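K.L.:
Counting from 255, one number per residue, gives the positions in the sequence shown under this note's numbering.
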Amino acid sequence: EALDGQRVSRFAIADKLSRKAEALPDLLRSWLSWWRDVMLLAQGKGSEKTDTSAALSAGVSLTISNVDEEARLRRLAAAWNKDAVLTSLKQTNLALWQLEHNANTRLVIENLLLIYPFNTKGIPN
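#1: How do the segment 321-340 and the segment 283-299 stand: do at least 3 beta-carbon pairs fall below 8 Å, yes or no?
#2: Determine the DSSP secondary structure at residue 288, reduced to helix, strand or coil.
#3: So, is the C-beta of residue 365 closer than 9 Å to a C-beta in chain D?
#4: Is residue 364 buried or exposed, if buried means 16 or more other CB atoms sit within 10 Å of its CB?
#5: Residue 268 and residue 360 - do their beta-carbons sit closer together than 9 Å?
#6: So, at 7 Å on beta carbons, what are the nonlocal neighbours of residue 370 in its own chain, with the 5 sequence-adjacent residues on each side left out?
#7: Should residue 336 and residue 275 be called a contact, given that it needs their Cβ atoms to be closer than 9 Å?
#8: Could you tell me if residue 339 is buried or exposed, where buried requires 16 or more neighbouring beta carbons within 10 angstroms of its beta carbon?
This is how it looks when you write it as structure tokens:
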């Protein structure tokens, strides 16, 4: 929903989310996993079959977490450039840190949603 809207709707979403400040850290952590999945798919690593023992010993998992959204994640990964995805991932992490350090909730969320790429290609949900 946050990716589909334009600026006005993103401000409305930020307003709604800022009223539920206690739930935001968990929401942002779920968004982090979502952006991680988009990044893996954008780099072509989300579907690779890896040697499980090698991946575990390296502490790396190349499988996506949000398998229920895989089709949409793949479409978005193909549509957006890797820099936009990486920026979104980093900014989500920064927003989580800012909230943990008592930044203004609404400003943090507004800034985050304005940084996220827009779904200009009409990619369906």
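Quick reminder that beta carbons are idealized off the backbone N, C-alpha and C, glycines included. Since this is a predicted model, take the numbers as computed values, not measurements.
P.N.:
Let me spell this out:
#1: Yes: at least three Cβ pairs fall under 8 Å.
#2: Sequence index remark: in the sequence shown, residue 288 carries index 34 (1-based). Shown here, residue 288 sits in a helix according to DSSP, grouped into three states.
#3: Among the chains of the structure shown, chain D does not appear; only one protein chain is present.
#4: Working through the sequence shown from its first residue, we reach residue 364 at position 110. By the neighbour-count criterion, in which 16 or more other beta carbons inside 10 Å mark a residue as buried, residue 364 falls on the buried side.
#5: The residue you call residue 360 lines up with position 106 of the sequence shown. The residue you call residue 268 lines up with position 14 of the sequence shown. Yes. Within cutoff.
#6: Taking the first residue of the sequence shown as position 1, residue 370 is located at position 116. Closer than 7 Å at Cβ, skipping near neighbours: 256, 257, 342.
#7: Against the sequence shown, residue 336 aligns to sequence position 82. Against the sequence shown, residue 275 aligns to sequence position 21. The answer is no: Cβ separation not under 9 Å.
#8: Numbered from 1 along the sequence shown, position 85 holds the residue referred to as residue 339. With 16 or more Cβ atoms within 10 Å of its Cβ, residue 339 is classed as buried.
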